[in-house]
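One structure is given below, encoded as structure tokens.
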Ligand SMILES: [Zn+2]
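In this note's numbering, the protein residues as written are 483 to 545.
Structure, rendered in structure tokens:
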């Protein structure tokens, strides 16, 4: 598994965990917000942009 795949699967894992939280969290379902859900969404977004950066760094090096 390369760094891009690792970063992407980390983002997927955090997304799955966030979705799992949403499923069981009333405040998130009602208002799309709670401190826990917010933190999980931030972690997912962060992992997602890290994955994107890793991907970009790799494709730019190839050109
Ligand atoms: Zn929540």
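From the three backbone atoms N, C-alpha and C, an ideal C-beta is built for every residue, glycine too.
Annotation for residue 490: 533 place their beta carbon closer than 7 Å to its own, counting only its chain and skipping 5 residues before and after. If you draw a straight line from the Cα of residue 542 to the Cα of residue 531, it is about 16 Å long.
In the three-state scheme derived from DSSP, where H, G and I count as helix and E and B as strand, residue 534 is classed as helix. Sixteen is the threshold: since fewer than 16 other Cβ atoms of the shown chains lie within 10 Å of the Cβ of residue 501, the residue is exposed.
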